[in-house]
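Numbering (our numbering), first residue to last: 3 to 593.
Below is one structure; the comments refer to it alone.
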Amino acid sequence: MPRRRRRRRFAPPSSATACSRRFEPESPEPHGVSSTVSGGFGLSGALRVLPLGGLGEIGKNMTVVEYEGRIVVVDTGLMFPTPDQLGIDLVLPDFTYLRERADDIEAIVLTHAHEDHVGALPYVLREIGETTVPAIYGGPLTVEMVRSKLEEHNLKKAPLQAMEAGEEVDAGPFVVEMVKMSHSIPDAFAVALTCDLGTTLLTGDYKFDQTPVDGVPADMARLAELGRDGVLLLCGDSTNVDRPGIALSESSVGPELKRVFGRCEGRIVVTSFASNVHRVQQVVDAAAANGRKVALVGRSMRKYVNIARRLGHIDVPEGLLVGVKEIAQFPDHKLVIVSTGSQGEPLSALRRMAHSDHPQVDLHEGDTVIFSATPIPGNERAVNETVDRIYQLGAEVITARDAPIHASGHGYAEELKLMINLTSPRYVMPFHGDYRRLQLHARLAESVGVPPENIFRGENGLPLEIDERGARFAKREHAGLVFVDGVDVGNVEDVALRDRRMLSADGIFIVVATVSEQDGHSVAPPELIFRGVPFLEEGDGVLDELRGAVEDSLARSAREEIREISLLQTHLHDDLAAFVYERLRRRPMVL
């Protein structure tokens with residue numbers, strides 16, 4: 003069982019710093035050397051920090067921390083597909099490295115329960131074995147949400163263990179400590195991993211909210227204590243590094259929601275992340291203050307709220323909640339619907355409402371839909387389409403551009419500076435962001451006094467190694483993308499995605515030709531089958547031209563005495579593709 007304790011494992015770092023070169027992404031070979039570090043950490047062996055996801059991208063956060071051949075994995079997140087990844091449901095980190103080192107894993111530690119930090123866990127456990135990992139640690143809410151997710155995947159034996167903030171537990175050569183942070187979900191922790199070389203602090207997602215909804219701010223005192231003891235490496239969230247100042251407090255959203263609710267005469271639909279428990283609490287409070295009942299719509303919304311209520315994170319007045327099937331029993335001005343779908347997800351409740359496809363909720367004139375969330379990068383198009391459909395149905399839409407009804411769960415630039423100043427790390431490695439944000443975070447660290455040679459701008463698959471000589475990047479490990487396509491995991495090749503894009507854009511042509519085995523001449527008129535090709539219809543004169551092009555190609559191949567079927571297919575494909583592009587300026591798939 004985890005137990006609370008405090009350890010001082012190494013002396014604070016001296017003011018003299020090591021000299022190491024940063025890895026530049028454009029370099030053909032990653033490199034980095036450092037001179038010997040005086041004091042602080044002088045034992046043999048190297049600490050190795052290997053990001054498998056979360057660097058150079060938004061999402062699929064996963065980091066391997068290794069010492070003396072033993073591994074602690076921090077987070078197992080997923081990412082949602084981009085619009086050009088057609089037919090893909092989820093994008094996971096490539097965990098080949100974990101599969102090959104499964105016996106060396108001491109623990110998986112989860113910073114919080116958002117999908118970009120825990121969503122890949124079922125797939126990881128299937129890959130390496132559900133009971134291979136000795137323990138999976140997380141906060142109480144994280145553990146319960148993950149348990150529900152694993153049960154959906156029929157994984158019921160995973161060794162989940164809840165830890166409270168401030169508790170520590172041994173994991174091989176590491177001491178794992180959870181440090182309370184503020185985020186848009188309760189039980190969000192930074193993870194301090196201490197070994198004989200020092201402490202690596204992975205912040206997870208955080209902000210320094212001084213007036214959080216649950217009244218429990220980030221444990222800045224413990225962060226400062228870790229800083230006094232000496233933090234060897236800080237791996238910090240870069241999400242909002244490009245936003246100056248500090249983030250709005252989550253508790254500022256509640257009063258604004260009450261005011262917005264008070265102005266609405268008809269039915270209100272609020273959409274937010276199902277896991278944003280604090281936001282749901284404030285919606286409930288605003289509804290109660292305005293004399294409205296609350297209905298939860300969306301499977302994940304109901305599931306997460308039930309878990310949060312059971313753990314005491316949401317307080318709902320008795321009689322306030324009504325079932326989704328009871329919605330029709332209440333007048334519009336007495337009802338608030340809390341729905342999933344803030345990111346325009348295809349099968350979410352709000353998306354179905356917007357397309358008049360929801361079995362219980364029909365949006366209509368007089369409704370007000372409140373987006374109490376901002377689009378994740380890459381989701382803007384889906385969100386805009388959903389908003390447009392809602393307007394088409396006659397409802398009104400309110401977003402964070404219209405009123406301060408959303409507060410980010412990620413700290414702004416001044417909060418990232420505060421994290422560095424509190425923890426006084428020897429080395430800094432920006433995490434959780436695309437390349438632009440990682441670069442900005444590196445500059446920010448330099449601006450508050452971290453020597454530039456001690457700031458490492460990493461990439462997925464590029465391990466940072468730290469020992470008594472200093473810090474440097476080591477040989478790159480395999481790290482990439484794993485696609486989930488229905489029930490198929492990992493077998494979708496780039497060529498398949500390319501073919502899907504081609505089919506979606508320009509359709510497909512299938513040519514059926516019969517040729518003589520003796521002389522290669524066409525013995526029957528060619529048949530053309532097409533689907534989804536723009537500007538082409540049966541009876542169109544272009545089809546006759548296409549048939550003529552096929553016959554010309556076959557005749558030319560016959561004259562050149564081409565008999566090999568594969569070569570004949572190649573000639574026919576190239577000739578027809580060129581003709582179609584010349585006539586239609588399209589590139590359909592030609593078979």
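Don't be surprised by glycine CBs; every beta carbon is placed ideally from N, CA and C.
As the structure is a prediction and not an experimental result, all values here were calculated from the model.
Exercise for the section: Return the CA-CA distance between ILE309 and GLY368, expressed in angstroms with no decimal places. Expected result: The count along the sequence shown starts at 1 and reaches residue 309 at position 307. The count along the sequence shown starts at 1 and reaches residue 368 at position 366. One C-alpha to the other measures close to 33 angstroms.
Handout entry: Ordered list of beta strand (DSSP E) runs contained in the stretch 76-136, each at least 3 residues
Key = 92-95, 107-111
Exercise for the section: Determine which residues share a DSSP beta bridge with ILE400 and list them. Expected result: Stepping through the sequence shown from its first residue, residue 400 is reached at position 398. Answer is ILE372, bridged to ILE400.
Practice task
Give the secondary structure of LEU203 by DSSP, where H, G and I count as helix, E and B as strand, and everything else as coil.
Solution key: Stepping through the sequence shown from its first residue, residue 203 is reached at position 201. Residue state, collapsed to three classes: strand.
Handout entry: Minimum C-alpha distance to SER186 - residue among GLY247, THR196, VAL218
Key = Here residue 186 refers to the residue found at position 184 of the sequence shown. Nearest option by C-alpha distance: VAL218.
Practice task
Measure the C-alpha to C-alpha separation of LEU157 and THR196 and round it to an integer number of angstroms.
Solution key: By 1-based counting over the sequence shown, the position of residue 157 is 155. By 1-based counting over the sequence shown, the position of residue 196 is 194. Roughly 30 angstroms separates the two Cα atoms.
Handout entry: Rounded separation between THR19 and PRO427 - CA only
Key = Position 17 of the sequence shown, counted from the first residue, corresponds to residue 19. Position 425 of the sequence shown, counted from the first residue, corresponds to residue 427. Any answer about THR19 is weak, because its pLDDT of 36 lies below 50 and its placement is not dependable; what the coordinates show is given next. Each residue's Cα considered, the two are about 11 angstroms apart.
Problem - Range covered by the alpha helix (DSSP H) that runs through VAL272 - result: Translated into the one-based positions of the sequence shown, residue 272 becomes position 270. Run containing VAL272: none in the alpha helix (DSSP H); it sits in the beta strand (DSSP E), 270-273.
Practice task
Report yes if the C-beta distance between THR205 and MET421 is below 8 angstroms; otherwise report no.
Solution key: Stepping through the sequence shown from its first residue, residue 205 is reached at position 203. Stepping through the sequence shown from its first residue, residue 421 is reached at position 419. Yes, Cβ-Cβ distance for THR205 and MET421 is below 8 angstroms.
Practice task
Tell me whether TYR393 is buried or exposed, calling it buried when 16 or more other Cβ atoms sit within 10 Å of its Cβ.
Solution key: Taking the sequence shown and counting its residues from 1, the one referred to as residue 393 is at position 391. With fewer than 16 Cβ atoms within 10 Å of its Cβ, TYR393 is classed as exposed.
Exercise for the section: Would you mind stating whether GLY264 and ASN292 have Cβ atoms separated by less than 8 angstroms? Expected result: As a first step, residue 264 must be located in the sequence shown, where it is residue number 262. As a first step, residue 292 must be located in the sequence shown, where it is residue number 290. The answer is yes: Cβ separation under 8 angstroms.
Practice task
Taking only the alpha-carbon atoms, compute the straight-line gap between VAL120 and GLY79 and give it to the nearest angstrom.
Solution key: Counting from 1 along the sequence shown, the entry for residue 120 is found at position 118. Counting from 1 along the sequence shown, the entry for residue 79 is found at position 77. Distance between the alpha carbons of VAL120 and GLY79 is about 5 angstroms.
Exercise for the section: Kindly indicate the opening and closing residues of the beta strand (DSSP E) around ILE329. Expected result: Within the sequence shown, residue 329 is the residue found at index 327, counting from 1. Neither: ILE329 is in no beta strand (DSSP E) and is coded neither H nor E.
Practice task
Please work out which residues of its chain come closer than 8 angstroms, Cβ to Cβ, to PRO1, disregarding the five sequence neighbours upstream and downstream, and give them in chain order.
Solution key: Outside the modelled stretch of the chain, which goes from 3 to 593, sits residue 1, for which no answer is possible.
Exercise for the section: Locate the alpha helix (DSSP H) running through ARG265, then write down its first and last residues. Expected result: Residue mapping note: residue 265 aligns to position 263 of the sequence shown, counting from 1. Start and end: 255-265.
Problem - Whole-angstrom distance between HIS434 and ASP334, CA atom to CA atom - result: Here residue 334 is taken as the residue at index 332 of the sequence shown, counted from 1. Here residue 434 is taken as the residue at index 432 of the sequence shown, counted from 1. Cα-Cα distance, rounded: 42 angstroms.
Handout entry: For GLU258 and PRO1, believed in contact at Cβ under 8 angstroms, the rounded distance
Key = Lying before the first or after the last residue shown, residue 1 is absent from the chain, which here runs from 3 to 593.
Problem - Residues near PRO406 by beta carbon distance below 6 angstroms, same chain, minus five either side - result: The residue labelled residue 406 in the question sits at position 404 within the sequence shown. Excluding positions up to five away in sequence, the list reads GLU258.
Handout entry: Counterpart residues of ALA415 in DSSP-defined beta bridges
Key = Position 413 of the sequence shown, counted from the first residue, corresponds to residue 415. Per DSSP, none; premise fails for ALA415.
Handout entry: For ARG561 and ALA580, the rounded distance between their alpha carbons
Key = Your numbering for residue 580 matches position 578 in the sequence shown. Your numbering for residue 561 matches position 559 in the sequence shown. Those two C-alpha atoms are separated by around 20 angstroms.
Problem - Closest residue to GLU129 among VAL111, TYR139, ASP96, ILE138 (Cα-Cα distance) - result: Counting from 1 along the sequence shown, the entry for residue 129 is found at position 127. Checked all of VAL111, TYR139, ASP96, ILE138; the closest Cα to GLU129 is ASP96.
Exercise for the section: Measure from the alpha carbon of LEU337 to the alpha carbon of each residue in LEU574, VAL286, GLY482, LEU162, then state which is nearest. Expected result: Counted from its first residue, the sequence shown places residue 337 at position 335. Cα-wise, what sits closest to LEU337 is VAL286.
Practice task
Could you tell me the boundaries of the beta strand (DSSP E) in which ARG474 lies?
Solution key: Position 472 of the sequence shown, counting from 1, holds the residue named residue 474. ARG474 -> beta strand (DSSP E) spans 472-475.
Practice task
Output yes or no for whether 8 angstroms exceeds the beta carbon distance between HIS408 and LYS209.
Solution key: Here residue 408 corresponds to residue number 406 of the sequence shown, with the count starting at 1. Here residue 209 corresponds to residue number 207 of the sequence shown, with the count starting at 1. Cβ atoms of HIS408 and LYS209: not closer than 8 angstroms.
Problem - Euclidean distance between Cα positions of VAL93 and LEU236 - result: For this step, residue 93 is matched to residue 91 along the sequence shown. For this step, residue 236 is matched to residue 234 along the sequence shown. In a straight line, the C-alpha of VAL93 is about 27 angstroms away from that of LEU236.
Practice task
Please classify ALA109: is it buried, with 16 or more other beta-carbons within 10 angstroms of its beta-carbon, or exposed?
Solution key: In the sequence shown, counting from the first residue as 1, residue 109 sits at position 107. With 16 or more other Cβ atoms inside 10 Å of its own Cβ, ALA109 counts as buried.
Exercise for the section: Measuring alpha carbon to alpha carbon, tell me which of PRO528, SER559, ALA557, ARG558 ends up nearest ARG549. Expected result: Here residue 549 corresponds to residue number 547 of the sequence shown, with the count starting at 1. Ranking PRO528, SER559, ALA557, ARG558 by Cα distance to ARG549 puts PRO528 first.
Problem - Stretch pair the stretch 218-234 + the stretch 382-400: three plus CB contacts closer than 8 angstroms - result: Result no; under three Cβ-Cβ pairs closer than 8 angstroms.
Exercise for the section: Report all residues from its chain with a CB closer than 7 angstroms to the CB of GLN284; omit the five preceding and five following residues, and keep chain order. Expected result: The residue you call residue 284 lines up with position 282 of the sequence shown. Hits under 7 angstroms: VAL215, VAL255, GLY256, LEU259.
Practice task
Please check the pair GLY140 and ALA104, which I expect to be a contact at CB under 8 angstroms, by giving their CB distance rounded to whole angstroms.
Solution key: For this step, residue 140 is matched to residue 138 along the sequence shown. For this step, residue 104 is matched to residue 102 along the sequence shown. GLY140 to ALA104, Cβ: 20 angstroms. No contact.
Handout entry: Boundaries (first-last residue) of the beta strand (DSSP E) holding PRO53
Key = As a position in the sequence shown, residue 53 is number 51, starting the count at 1. Per DSSP, PRO53 is one residue of the beta strand (DSSP E) stretching across 49-55.
Practice task
Mark THR38 as exposed unless 16 or more other C-beta atoms lie within 10 angstroms of its C-beta, in which case mark it buried.
Solution key: Mapped onto the sequence shown, residue 38 falls at position 36. Residue confidence for THR38 is low, a pLDDT of 35 falling below 50, so the modelled location carries little weight; the figure read from the coordinates is stated next. Exposed: under 16 other Cβ atoms inside 10 Å.
Practice task
Starting from the Cα of ALA297, find the closest Cα among VAL340, PHE332, GLU320, ARG311 and give me that residue.
Solution key: For this step, residue 297 is matched to residue 295 along the sequence shown. For ALA297, the nearest C-alpha among the options comes from VAL340.
Problem - DSSP three-state assignment for ILE1, whether helix, strand or coil - result: The structure shown does not extend to residue 1, since the chain spans only 3 to 593, so no value can be given for it.
Handout entry: Sequence-distant residues of the same chain with beta carbon closer than 7 angstroms to HIS360, five excluded per side
Key = If you number the sequence shown from 1, residue 360 lands on position 358. These residues qualify, in order along the chain: ALA351, ARG354.
Exercise for the section: Would you check if there are 3 or more beta carbon pairs closer than 8 angstroms linking the stretch 451-464 to the stretch 477-487? Expected result: yes
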